[in-house]
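See below for the structure under consideration.
Protein chains: 2
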Amino acid sequence: MAFSPLVDELVESLRCLPGVGQKTAQRMAFHLLERGRSGGSRLSEALSSAMTGVRRCDSCQNFADTEICGICDNDARRNGTLCVVESPSDLLAIEQAGDYRGGYFVLMGHLSPIDGVGPEEIGIERLLARVISEGITELILATNPTVEGEATAHYIADRLDARDILITRLAHGIPVGGELGYVDGFTLTHAFRGRKPLSE
Amino acid sequence: MAFSPLVDELVESLRCLPGVGQKTAQRMAFHLLERGRSGGSRLSEALSSAMTGVRRCDSCQNFADTEICGICDNDARRNGTLCVVESPSDLLAIEQAGDYRGGYFVLMGHLSPIDGVGPEEIGIERLLARVISEGITELILATNPTVEGEATAHYIADRLDARDILITRLAHGIPVGGELGYVDGFTLTHAFRGRKPLSE
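Here the protein sequences line up with chains W and U, keeping their order. If you're matching positions, the first sequence starts at 1 in my numbering and goes up one per residue. If you're matching positions, the second sequence starts at 201 in my numbering and goes up one per residue.
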């Protein structure tokens, strides 16, 4: 772009966002310059504060502003259950569902030896230490139902095998509101195997 | 999000970008925090500089860092032709094609009485003054082939009717590399009417 180095730099910088290519970055830059300067300035400040201020919670590894995040710091949520998730967005989805009131541990990934991600990288030792020190009675392994997620869940379960801790995995089945005709075979098989009496 | 006000604010701010909703904003925020902190900081600075530093070129109305943009300031491009476009991205597309070497005038919109956009809002008086003062010999009306774009082009042409200036519109036809079977009827009709001898 011959007309403005500042606009060039803005377009180039916007490309660091996931899923944003050259054309989208251009559209975003022009939108902000034409109609959203106040939004753009607010975004600039939010980015700057977050990039320097956001750290990992010492207890659950999730993003936090403080040493211990709001959830870990909440006594009411130390009820002996701990839910292990792969990412902050998984935690968020569970929080938005609103039913679960225990603690979390965020792996920030999954075991993936091919990418050099072993137990150390996703904090499994820290998780095991916490399970024991806090006297956790139920560990819910809510990693994704993918090959890596399953492997991670089994690895954690194996490491805690000798201890008297209930280890659970989220139920598979038909999504609420889903249509049977569109549900894949594996899910249907799981749903059949996990069927329950109507009176329950 | 209970765990971090800084992350909340970042997600909320990212939603000022066009086409970015809650889920996409979350994904962007987590991506930057996990894997792109340096990119995030760079974006923050680029936003801040652009939001305060980018202004409109006094001559062509395009975004610029200086009073007169690089294209308007280039003597070689004052060759008597002026191309009128609706937006900076249109200008950019023409520049990237690389063939046109004249000047530009960026309307930053099109006539749209229903939205309160009249000739004054898109700088038509300034355009006419420039056409006359610079002794423009050809005015290329490259507004979009939409109802508003056509109306804007006709309005400008009418205003210059009495003067001895060649006023042109970009050719309609089959896109290079396009397949005939997928071209719409209007475009095909234009392509037929605009057909040329093979030897040209």
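Positions of the beta carbon are idealized from the N, C-alpha and C atoms, including for glycine.
Quick one: what does DSSP say residue i is sitting in, helix, strand or coil?
i	result
isoleucine 122 of chain W	coil
glutamate 334 of chain U	coil
valine 220 of chain U	coil
serine 249 of chain U	helix
leucine 33 of chain W	helix
arginine 159 of chain W	helix
serine 44 of chain W	helix
aspartate 73 of chain W	coil
arginine 27 of chain W	helix
histidine 354 of chain U	helix
arginine 393 of chain U	helix
leucine 198 of chain W	coil
Can you name the start and end residues of the beta strand (DSSP E) that residue i belongs to?
i	result
threonine 281 of chain U	281-285
Since residue i sits in a beta bridge, which residues does DSSP pair it with?
i	result
tyrosine 104 of chain W	W:Cys83
isoleucine 367 of chain U	U:Leu339
serine 238 of chain U	Note: serine 238 of chain U sits in no beta bridge, so no partner.
valine 117 of chain W	W:Ser112
arginine 56 of chain W	W:Phe63
Need the endpoints of the alpha helix (DSSP H) that residue i sits in, please.
i	result
proline 5 of chain W	5-14
histidine 110 of chain W	No alpha helix (DSSP H) contains histidine 110 of chain W, which DSSP labels as neither H nor E.
valine 383 of chain U	Segment: none, valine 383 of chain U is in no alpha helix (DSSP H) and carries neither H nor E.
proline 345 of chain U	From DSSP, proline 345 of chain U is part of no alpha helix (DSSP H); its letter is neither H nor E.
proline 447 of chain U	There is simply no residue 447 of chain U to check, as chain U begins at 201 and stops at 400 in what is shown.
What do you reckon, are the CB atoms on residue i and residue j nearer than 8 Å?
i	j	result
glutamate 338 of chain U	threonine 281 of chain U	yes
alanine 142 of chain W	cysteine 83 of chain W	yes
leucine 91 of chain W	valine 106 of chain W	yes
methionine 251 of chain U	arginine 37 of chain W	yes
glutamine 26 of chain W	serine 289 of chain U	yes
alanine 264 of chain U	serine 4 of chain W	yes
glutamate 286 of chain U	glycine 349 of chain U	yes
glycine 194 of chain W	alanine 171 of chain W	yes
leucine 17 of chain W	valine 254 of chain U	no
serine 249 of chain U	leucine 6 of chain W	yes
aspartate 258 of chain U	isoleucine 271 of chain U	no
Would you check whether the ligand GTP has a heavy atom nearer than 7 Å to the C-beta of residue i?
i	result
threonine 352 of chain U	Within the structure as shown, the ligand GTP is missing, as the structure has no ligands at all.
May I ask you to verify whether the segment 141-159 of chain W touches the segment 120-130 of chain W, counting CB pairs closer than 8 Å and requiring at least 3?
yes
Segment contact flag, the segment 71-78 of chain W with the segment 96-107 of chain W, C-beta cutoff 8 Å, min 3 pairs = yes
**Prompt:** How about the segment 25-42 of chain W and the segment 208-219 of chain U: do they share at least three Cβ pairs that are nearer than 8 Å?
**Reply:** yes
Are the segment 309-322 of chain U and the segment 362-371 of chain U touching, with three or more C-beta to C-beta distances below 8 Å? no
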